[in-house]
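J.: Here's a structure for you.
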Amino acid sequence: MGWEIWLAFLGASIAISLSPGAGAVQSMATGLTHGVRRGFFSVLGLQAGLMLQLTLVAIGLGAVVASSAVAFTVIKWIGVAYLLYLAVQQWRTAGQDLRDQLGGGGDGGRFALFLRGFLVNATNPKGLVFILAVLPQFLVPTDPLLPQYVTMGVTMTAVDIVVMMLYTALAARLVGWLHTARQQTVLSRVFSGLFAVAAIALSFARRGTAAA
């Protein structure tokens, strides 16, 4: 994997992590009920779940997708459809109070917070479909796949830790701002636009360019 491909993947990882989803909601919920320091254990759990999904992708479909134009195309359009679905759903949720989406906080030790974060990502099939649609775009079929997946895993995990901790800190310190109806509407529609832009960009992806 060359530097140009890695930098493109880094940008994609940042965009994916910034997009609000189950992991972001979990991070904000933990920041709201447990604060930043304890929220870190929830973020570590999220990364464990993410690594499980990445491992499943690498073991099960990596080589097939990298060598099959049909598989590449099918998964790509699944990814486009999923991103557009998220864009619509995000637009429809504009104005809702975030507290309606945050599960009961309750008490919990470090392991309980870690396990909660792990289960959020490990049991999220939408996240797995998203990874299946995105990762193959950056594979170089002529190079060994394992080092590429390791590089992608380390990159996504590092980026996601930073972003999820920012979500946790934001919820802990700016709860009032986050739950203002007007701010919720603006935030939801901004991310709806990001989902739509990502879908358009993915629709132009070609197996040849991804493998170059």
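The sequence shown begins at 1 in the UniProt record's numbering and counts up by one. Each residue gets a CB set at the ideal place from its N, CA and C atoms; glycine is no exception.
(1) What number of angstroms, rounded off, separates the C-alpha of THR168 from the C-alpha of GLY31?
(2) Cβ of MET164 within 9 Å of Cβ of VAL43?
(3) On the CB-based measure, 16 or more other CB atoms within 10 Å of its CB, does TYR85 come out buried or exposed?
(4) Cβ atoms of GLY35 and ALA172: under 9 Å apart, would you say?
(5) State the CB to CB distance for the pair ILE161 and GLN47, rounded to an integer number of angstroms; the pair is presumed to be in contact (CB under 8 Å).
(6) Since I believe ILE14 is in contact with PHE138 (beta carbons under 8 Å), could you give me their beta-carbon distance rounded to a whole number of angstroms?
(7) As an exercise, report each continuous alpha helix (DSSP H) stretch of at least 4 residues that is fully enclosed by the stretch 110-170, in chain order.
(8) Assuming SER13 is part of the alpha helix (DSSP H), what are its boundary residues?
(9) Where does PHE111 land, buried or exposed, given buried means 16+ other C-beta within 10 angstroms?
(10) Whose C-alpha, out of VAL159, VAL88, VAL190 and ALA24, is nearest the C-alpha of GLY11?
(11) From MET156 to ARG182, what distance separates their C-alpha atoms?
(12) Within 10 angstroms of its Cβ, does GLY2 collect 16 or more other Cβ (buried), or is it exposed?
(13) Does DSSP put PHE204 in a helix, a strand or coil?
(14) Are the beta-carbon atoms belonging to PHE130 and ILE16 less than 9 Å from one another?
(15) Compute the distance between the beta-carbons of ALA87 and ALA196, then report whether it is under 9 Å.
(16) Could you tell me how far apart the beta carbons of PHE41 and PRO136 are, in whole angstroms, since I believe they sit closer than 8 Å?
(17) Would you grab the beta carbon distance between TYR149 and LEU54 for me? Rounded to a whole angstrom, and I think it's under 8 Å.
T.: Judging by the given coordinates:
(1) As a first step, residue 168 is located in the sequence shown; it is residue number 168 there, counting from the start. As a first step, residue 31 is located in the sequence shown; it is residue number 31 there, counting from the start. Their backbone Cα atoms lie some 4 Å apart in a straight line.
(2) If you number the sequence shown from 1, residue 164 lands on position 164. If you number the sequence shown from 1, residue 43 lands on position 43. Cβ atoms of MET164 and VAL43: closer than 9 Å.
(3) Reading the sequence shown from its first residue, position 85 is the one you call residue 85. Label assigned to TYR85: exposed.
(4) Walking along the sequence shown from the start, residue 172 turns up at place 172. Walking along the sequence shown from the start, residue 35 turns up at place 35. Yes, the Cβ-Cβ distance between ALA172 and GLY35 is below 9 Å.
(5) Against the sequence shown, residue 161 aligns to sequence position 161. Against the sequence shown, residue 47 aligns to sequence position 47. Their Cβ separation, rounded to whole angstroms, is 6 Å, which keeps ILE161 and GLN47 in contact under 8 Å.
(6) As a first step, residue 138 is located in the sequence shown; it is residue number 138 there, counting from the start. As a first step, residue 14 is located in the sequence shown; it is residue number 14 there, counting from the start. Going by Cβ atoms, the distance from PHE138 to ILE14 rounds to 14 Å, so no, they are not a contact pair.
(7) 110-122 and 125-134
(8) Taking the sequence shown and counting its residues from 1, the one referred to as residue 13 is at position 13. Run containing SER13: 3-18, per the alpha helix (DSSP H) assignment.
(9) What you label residue 111 is simply residue 111 of the sequence shown in a count that begins at 1. Counting Cβ neighbours within 10 Å, PHE111 comes out exposed, since fewer than 16 surround it.
(10) On the sequence shown, position 11 is the one that residue 11 refers to. Of the candidates VAL159, VAL88, VAL190 and ALA24, the one whose C-alpha sits nearest the C-alpha of GLY11 is VAL159.
(11) Here residue 156 corresponds to residue number 156 of the sequence shown, with the count starting at 1. Here residue 182 corresponds to residue number 182 of the sequence shown, with the count starting at 1. Roughly 31 Å between the two C-alpha positions.
(12) As a first step, residue 2 is located in the sequence shown; it is residue number 2 there, counting from the start. The residue is exposed, with fewer than 16 neighbouring Cβ atoms inside 10 Å.
(13) By one-based count along the sequence shown, residue 204 stands at place 204. Coil at PHE204, not helix or strand.
(14) Counting from 1 along the sequence shown, the entry for residue 130 is found at position 130. Counting from 1 along the sequence shown, the entry for residue 16 is found at position 16. Yes, Cβ-Cβ distance for PHE130 and ILE16 is below 9 Å.
(15) Within the sequence shown, the letter at position 87 stands for residue 87. Within the sequence shown, the letter at position 196 stands for residue 196. Their beta carbons are under 9 Å apart, which means ALA87 touches ALA196 by this criterion.
(16) The residue labelled residue 41 in the question sits at position 41 within the sequence shown. The residue labelled residue 136 in the question sits at position 136 within the sequence shown. No, PHE41 and PRO136 are not in contact; Cβ-Cβ is about 32 Å, not under 8 Å.
(17) Residue numbering aside, residue 149 sits at position 149 when the sequence shown is read from its first letter. Residue numbering aside, residue 54 sits at position 54 when the sequence shown is read from its first letter. Between LEU54 and TYR149 the Cβ distance is about 7 Å, and since that is below 8 Å, they are a contact.
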